[in-house]
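Undergrad: If you're matching them up, the sequences are chains F and A in order. The numbers in the numbering used here rise by one with no breaks, and the one at position 14 of the first sequence is 14. The numbers in the numbering used here rise by one with no breaks, and the one at position 44 of the second sequence is 44. Quick reminder that beta carbons are idealized off the backbone N, C-alpha and C, glycines included. This structure is a prediction, so every number in the text was calculated from the model and none was measured.
Protein chains: 2
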Amino acid sequence: MGAQGLHLIHPKDVRAARAALCSEAELTFLADTFQILANPTRLQIVCALAQRELCVGDLAAVVEASPSAVSHHLRQLRQMRLVRHRRQGKLTFYSLADEHVAQLLDLGLEHVREELE
Amino acid sequence: MGAQGLHLIHPKDVRAARAALCSEAELTFLADTFQILANPTRLQIVCALAQRELCVGDLAAVVEASPSAVSHHLRQLRQMRLVRHRRQGKLTFYSLADEHVAQLLDLGLEHVREELE
DNA sequence: TGAACGTATGAATAGCTCTTCAGATGGCCC
DNA sequence: GGGCCATCTGAAGAGCTATTCATACGTTCA
Chain F
1 MGAQGLHLIH PKDVRAARAA LCSEAELTFL ADTFQILANP TRLQIVCALA QRELCVGDLA
61 AVVEASPSAV SHHLRQLRQM RLVRHRRQGK LTFYSLADEH VAQLLDLGLE HVREELE
Chain A
1 MGAQGLHLIH PKDVRAARAA LCSEAELTFL ADTFQILANP TRLQIVCALA QRELCVGDLA
61 AVVEASPSAV SHHLRQLRQM RLVRHRRQGK LTFYSLADEH VAQLLDLGLE HVREELE
C-alpha cells in the first residue's frame, strides 16, 4: 500500500501529523457512520425523528418512500446505533438513539446553509 | 415515489413531521457532504489537516496512500468546500476550509468513542 | 530549453449501494 | 384457528464509488 517514509517533503510535519491520527477502528466506524448519513432519504428520516418518535408506516408517508425502503434504511440506522426502536402491538416506533445524532444533523445543516447562502 | 397521504396511521404526527423537514437542496448537499466524509482515507486526511496545513506529498505519506489517490480524495474534499488549497511553487498546501469541518470530525469521534466503549 | 519533480486528471475495472419485488414473520381481532 | 395488518428480510439488477495506471500539466533549476 503506502509510501510510508519515502519521499517526505517535510518529515517533521509528517511525523507530527501521524501522531494525531485516529485508530483504525475509530476511523472505520466513523466512516461507516457518515456513510449511513450520506443518503437524502435517511437524512429525512433522522430529521423527522429529531422532532418526535414515529412508526414505520408514518415515516414512510413523511419521507414519501415505500415502507420496505424505509425499513431497509431503518435497519442501517439501527445497526449504526443512530436510532432506537420499541414495539407496541404491531407497530414499531423509532426515535433517535442519542443527542449526538441530532447534533451531527444540526452541525451539518449549519455548514450546508452557509455554503448554499 | 411515495405513498403520500395514503395509509397514514397517525395523520397528525405525519403532518407535523413533514413541516420540520429540510429543503431538497439542503438534503442533497448535506448527504453529499457526509458522503465525502464516509471514507477512512479521507477522514485521515481531514484528521491530519485539523492539526496543520500539509502538502500533497506529505499527506500521502501521513495516510499511507499513493499521491494519486490522495489527489483524487482532495479533489472531492475541495468540491464540497471542506478544504482550501494554496500553491507555493510546485507544492500545493491543503488545510481545512472552516471550523465546521473539524467540529463534524470531533462530534463524530465523540459518538464513535462512546459506541466502541 | 530541457530535465526533474509535485500535482492533477482521465479512463477502466472491481466492489459496493439503493431500490424493488416477493415473500416471511409476528401480533391483533374476529 | 384464520385473516389481516405492520414490519422485516433476501435476492437481483441498475447505478455509483474507489483504486490503479498512464499521462498531462506547471513550476523550478541547471
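Taking 8 Å as the threshold, find out whether the segment 83-95 of chain A comes into contact with the segment 41-50 of chain F through three or more Cβ pairs.
TA: no
Undergrad: Return no unless some Cβ of chain F is closer than 8 Å to the Cβ of A102 (chain A).
TA: no
Undergrad: At the 8 Å Cβ level, is F29 (chain A) part of the contact set with chain F, yes or no?
TA: yes
Undergrad: Quick one, are the C-beta atoms of I36 (chain A) and L74 (chain A) less than 8 Å apart?
TA: no
Undergrad: Which same chain residues end up closer than 6 Å to V62 (chain A) when comparing Cβ atoms and leaving out the 5 residues on each side of it in sequence?
TA: A48
Undergrad: What span of residues does the beta strand (DSSP E) with L96 (chain F) cover, start to end?
TA: 91-96 is the span of the beta strand (DSSP E), which, as asked, contains L96 (chain F).
Undergrad: Does the contact criterion of 3 or more C-beta pairs under 8 Å hold for the segment 64-71 of chain A versus the segment 7-24 of chain A?
TA: no
Undergrad: Counting only C-beta atoms, is R52 (chain F) closer than 8 Å to chain A at any point?
TA: yes
Undergrad: Among F:T28, F:D58, F:Q76, F:R15, which residue has its Cα nearest to the Cα of R42 (chain F)?
TA: F:Q76
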